[in-house]
Amino acid sequence: MNELHTLTLRQGRFTVKYYQHGTGLPLVYLHGAGGLPAFTPDLEKLAHTFTVTAPLHPGFGSSGEEHFHESVLAFTLHTWDILDALGIEEPILVGHSLGGMLAAEMAALEPRRVKKLVLVSPAGLWLDDCPTADFFAMKPEELVGAAFANPQSDLARAFLTLPQDKDAANEVLIQRLKGLAAASRFLWPLPDRGLSERLYRIRAATLLLWGEEDKIIPLRYAHAFRALLTGSATVTLTVIPHAGHMVLLEQPEAATQAIIEFCRSHP
Amino acid sequence: MKVNWFHLMPYRWLPEDFRERYRSVWVDIPSSLWDARKGHYLYNEYLDELEFAAQMGVDGVCVNEHHANAYGLMPSPNLMAACLARRISRANLIVLGDSLALYNPPIRVAEEFAMLDCITGGRLVAGFPVGTSMDDNFAYGIVPATLRERYYEAHDLILKAWTTPEPFAFNGRYTKLRYVNIWPRPLQHPHPPIWVPGGGSIETWDWVLDHDYAYCYLSYFGYQHAKRVMDGFWEKVAQKGAEPNPYRAGFLQLIAVAETDAQAEKDYSKHVDYFFNRCLHVYAGFADAPGYRTEATIRAGLQAQVGEAADMFRFGLSWKEFVERGYIITGSPATVRDRLIEAIKGLRIGQLMVLQQIGSMPKELVLKNVELFAKEVMPAIKKLWADDWQDRWCPRPLAERAIPGQAVAQ
Chain A
1 MNELHTLTLR QGRFTVKYYQ HGTGLPLVYL HGAGGLPAFT PDLEKLAHTF TVTAPLHPGF
61 GSSGEEHFHE SVLAFTLHTW DILDALGIEE PILVGHSLGG MLAAEMAALE PRRVKKLVLV
121 SPAGLWLDDC PTADFFAMKP EELVGAAFAN PQSDLARAFL TLPQDKDAAN EVLIQRLKGL
181 AAASRFLWPL PDRGLSERLY RIRAATLLLW GEEDKIIPLR YAHAFRALLT GSATVTLTVI
241 PHAGHMVLLE QPEAATQAII EFCRSHP
Chain B
1001 MKVNWFHLMP YRWLPEDFRE RYRSVWVDIP SSLWDARKGH YLYNEYLDEL EFAAQMGVDG
1061 VCVNEHHANA YGLMPSPNLM AACLARRISR ANLIVLGDSL ALYNPPIRVA EEFAMLDCIT
1121 GGRLVAGFPV GTSMDDNFAY GIVPATLRER YYEAHDLILK AWTTPEPFAF NGRYTKLRYV
1181 NIWPRPLQHP HPPIWVPGGG SIETWDWVLD HDYAYCYLSY FGYQHAKRVM DGFWEKVAQK
1241 GAEPNPYRAG FLQLIAVAET DAQAEKDYSK HVDYFFNRCL HVYAGFADAP GYRTEATIRA
1301 GLQAQVGEAA DMFRFGLSWK EFVERGYIIT GSPATVRDRL IEAIKGLRIG QLMVLQQIGS
1361 MPKELVLKNV ELFAKEVMPA IKKLWADDWQ DRWCPRPLAE RAIPGQAVAQ
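Chains as they are written, first to last, in the working numbering: chain A, 1 to 267; chain B, 1001 to 1410.
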């Protein structure tokens, strides 16, 4: 399941690694600033219903992030380029956090190509009276405390456990730093890059999926997204209890069920 | 050997329990701790100290840039340099410097440095730091991943602005200008000497050597700790076949001189403790934003100077340990002289930056420290390197210069 495929784009400027599993309609999963070190159980569940394609963003195992500079447009076009190269015409787009911001940008740029849009605790907006957490400035313990509803769970603690071997542990830390550095191009010092002025262009039926106890991007943002998604065929908000920002990992059953149900009920 | 007198301008009245009550001296320290009336006297006291050091015969005085920082009260180093420009008649003015990526557009640096160079009759050293993560990323909001790209682009623009006598257009990624045309241009030709202060990023060395700039390692942890970094620098010099001229390298050292070794501890101990345990109390999350250091530097294992890793170097240390580890060179003039010569030779540096106002040190102690250093230590170290190497990185001022109060333009 964890096999990574490779493709190159634009005369080798970008090397893209991606997972691909399952059968059914094409669903593209766009990961968040924590990266996607494996084809996780939530994606496995989705792969029973969909053909799931999950590219790694440049800086997170794929390369070429330096060509983005600070351009959200470059990142958005690059991700469409991947889907073009793979022949994915009308995907269901599912994006988490940074990936949610990216999915929304993609749907705003090419509104007619997105079959369904699922934004899972997406980044991209800013509310002065409800700031998103500055996870860039958090120490690992603090980050886990903020990202999970239950920071004491085995799942949460696993993020703090590094390989025994010192070199392997360093490598894990360096890869995390590289990913966060790449994410900083779009989220630093705060994640507003003008998405609020583009959300109106989105046409696809949209599911906003949130962990009830999200401390990174609080639930207030779901309502802000909903208010700005004026062109979407429908907007559904599903809030998952006992889940924080890492809602797909913390409640994979409930979260993936919500996605599957949503896609079924809006054919 | 050149001796340059460095000031950080720390706030001297952080509370006793600062460590316990606040997570950081930098970035999110509340400005309610600042007393502006004290600040009025403090700025003037610190400028007096810089002027006194110049009178005592140091080669240059150094100012630097920090933001949202209670131990570095110079958000604008150019303002401090301007205060000094007409009060210091002989010593060089070393601005270490303007963090290039923070100036928008960066020709502001080209303009202000050119003004300072003209006012001082060509005594300016132009320092081009990348800047710390706390300053650039957290306090000024620059994206960590593109900081260096912005820095290099700003550098190219400034150099071109200084050396091109006609207006030109600049189409950078981060700065676009239809008319680049700075008035005034600097007095030194083609431009003031450029020094690059760094905290030990290995790619900076290549770049500095390719441009033939001076490199200054600004560490608070003394010469023993710096040995590894500076050895790496000299290795790179050898690899590139550059001249192993000590004047291309600078280093900052904390120095506290008293009549005897015992008196030094009595005079300075609590102020040094204030420096290491209050001034350098920086929240680990601010020390090193993801992307601030390049992958190559991280892989080389060079550590950040503040934050958790750096905490291990200083927290809870005693005076004896600060001295033994060489964080501070202190004691009688003879003790300081011997250790300083060992440090200078060991690191092979020709530009010594001395930090003699440390932490909460009050003015009378600073002046004593400077006077003893200038009279009884400096003469011995000034002889080092002088016969064998030429300082190609020092300013070239006019031989005859305007005297403040009596200037007549011709």
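The C-beta atom is built at its ideal place from N, Cα and C for all residues, glycine as well.
Only a predicted model underlies this, so the values are computations on that prediction, with no experimental measurement involved.
Please confirm whether residue i and residue j have their CB atoms less than 8 Å apart.
i, j, result
"A/Ala54", "A/Leu180", "no"
"A/Lys17", "A/Leu56", "yes"
"B/Leu1079", "B/Val1061", "no"
"B/Asn1064", "B/Gly1057", "no"
"A/Glu44", "A/Met1", "yes"
"B/Ile1381", "B/Ile1328", "no"
"B/Arg1248", "B/Trp1393", "yes"
"B/Gly1039", "B/Ala1145", "no"
"B/Glu1051", "B/Ile1088", "yes"
"B/Pro1192", "B/Leu1096", "no"
"B/Ala1068", "B/Ala1126", "no"
"B/Asp1059", "B/Asn1104", "no"
"A/Ala205", "A/His266", "yes"
Give me the Cβ distance between residue i and residue j, rounded to the nearest whole Å; I'm assuming they're in contact under 8 Å.
i, j, result
"B/Tyr1179", "B/Pro1167", "5 Å"
"A/Leu271", "A/Leu125", "For residue 271 of chain A there is no data in the structure shown, the boundaries of chain A being 1 and 267."
"A/Thr238", "A/Ala258", "5 Å"
"A/Leu119", "A/Glu250", "Going by Cβ atoms, the distance from A/Leu119 to A/Glu250 rounds to 17 Å, so no, they are not a contact pair."
"B/Leu1218", "B/Phe1276", "Not quite, the Cβ-Cβ distance comes to about 16 Å (not below 8 Å), so this is no contact."
"B/Pro1186", "B/Asp1117", "4 Å"
"B/Gln1253", "B/Lys1002", "In fact, because the Cβ distance is near 13 Å, the residues do not count as touching under 8 Å."
"B/Ile1298", "A/Leu177", "7 Å"
"B/Ala1399", "B/Ser1332", "With a Cβ gap of about 39 Å, B/Ala1399 and B/Ser1332 do not count as contacting."
"A/Leu109", "A/Thr76", "6 Å"
"A/Leu127", "A/Ala107", "With 8 Å as the limit, A/Leu127 and A/Ala107 do not qualify as a contact, their Cβ atoms being about 21 Å apart."
"B/Arg1348", "B/Trp1234", "6 Å"
Return the chain-ordered list of same chain residues with a C-beta closer than 8 Å to the C-beta of residue i, the five sequence neighbours on each side being excluded.
i, result
"A/Thr230", "Leu199 and Tyr200"
"B/Ser1024", "His1281, Val1282, Tyr1283 and Phe1286"
Pull up the distance between the alpha-carbon of residue i and that of residue j, whole angstroms please.
i, j, result
"A/Gly100", "B/Glu1153", "32 Å"
"A/Leu162", "A/Pro37", "13 Å"
"B/Glu1049", "B/Val1366", "7 Å"
"B/Val1354", "B/Gly1250", "10 Å"
"B/Ala1262", "B/His1225", "24 Å"
"A/Trp188", "A/His31", "18 Å"
"B/Pro1244", "B/Trp1195", "16 Å"
"B/Val1229", "B/Glu1020", "32 Å"
"B/Glu1045", "B/Gln1357", "11 Å"
"B/Ala1131", "B/Pro1197", "Before going further, note that residue 1131 of chain B is Gly rather than Ala in the sequence given. Going by the C-alpha atoms only, they are around 9 Å apart."
"B/Ala1374", "B/Val1336", "12 Å"
"A/Phe159", "A/Met138", "14 Å"
"B/Ala1300", "B/Gln1239", "17 Å"
"B/Leu1033", "A/Gln175", "39 Å"
"B/Arg1278", "B/Arg1012", "10 Å"
"A/Arg131", "B/Asp1267", "For the record, residue 131 of chain A in the displayed sequence is Pro; it is not Arg. Using only the alpha carbons, I get a separation of about 47 Å."
"A/Gly22", "A/Ala47", "4 Å"
"B/Asp1212", "B/Asp1206", "10 Å"
"A/Gly145", "B/Gly1232", "39 Å"
"B/Thr1175", "B/Lys1383", "45 Å"
Counting only the same chain and skipping the five closest in sequence on each side, list residues whose C-beta sits under 7 Å from that of residue i.
i, result
"B/Asp1136", "Ser1099, Ala1101, Leu1102, Ile1142 and Leu1147"
"B/Ser1269", "Trp1319"
"B/Val1323", "Thr1330"
"A/Ile260", "Thr49"
For residue i, which residues in the same chain have their Cβ closer than 6 Å to its Cβ, ignoring the five residues on either side in sequence?
i, result
"A/Ser121", "Ser97, Trp210, Asp214, Ile217 and His245"
"A/Leu143", "Phe135"
"A/Glu65", "Pro58, Gly59 and Ala182"
"B/Thr1120", "Ala1085 and Leu1093"
"A/Arg203", "Pro111 and Gly231"
"B/Gly1405", "none"
"A/Leu25", "Phe50"
With respect to 7 Å, is the separation between the Cβ of residue i and the closest non-hydrogen atom of the ligand NAD below this value?
i, result
"B/Gly1241", "The ligand NAD is not part of this structure, which contains no ligands at all."
Query raised in the report: Using Cβ-Cβ distances below 7 Å, what residues of the segment 130-152 of chain A are close to chain B?
Result: Cβ contacts with chain B come from Phe136, Ala137, Met138 and Lys139.
Query raised in the report: When you check each C-beta in the segment 179-211 of chain A against every C-beta of chain B, which residues fall closer than 7 Å?
Result: Legend: CB atoms of the segment 179-211 of chain A lying less than 7 Å from CB atoms of chain B belong to residues Leu180, Ala181, Ala182, Ser184, Arg185, Trp188 and Pro189.
**Report entry** Positions along the segment 1092-1116 of chain B whose CB lies within less than 8 Å of some CB in chain A
**Finding:** Within the segment 1092-1116 of chain B, no residue qualifies.
Query raised in the report: Which residues, in order along the segment 239-267 of chain A, keep a beta-carbon less than 8 Å from a beta-carbon of chain B?
Result: none
Query - chain A contacts made by the segment 1322-1347 of chain B, where a contact means CB separation under 9 Å - result: Shown here is that no member of the segment 1322-1347 of chain B has a Cβ falling below 9 Å from a Cβ of chain A.
Query raised in the report: Between the segment 60-83 of chain A and chain B, which residues of the former have a C-beta closer than 7 Å to a C-beta of the latter?
Result: Taking a C-beta cut-off of 7 Å against chain B, the contacting residues of the segment 60-83 of chain A are His69 and Glu70, listed in chain order.
**Report entry** Residues from the segment 213-236 of chain A in contact with chain B, defined by Cβ distance under 9 Å
**Finding:** none
Query raised in the report: For the segment 1213-1242 of chain B, which residues have a CB atom closer than 8 Å to at least one CB atom of chain A, in sequence order?
Result: none
**Report entry** Interface positions of the segment 1158-1177 of chain B facing chain A (Cβ-Cβ less than 8 Å), listed along the chain
**Finding:** Arg1173
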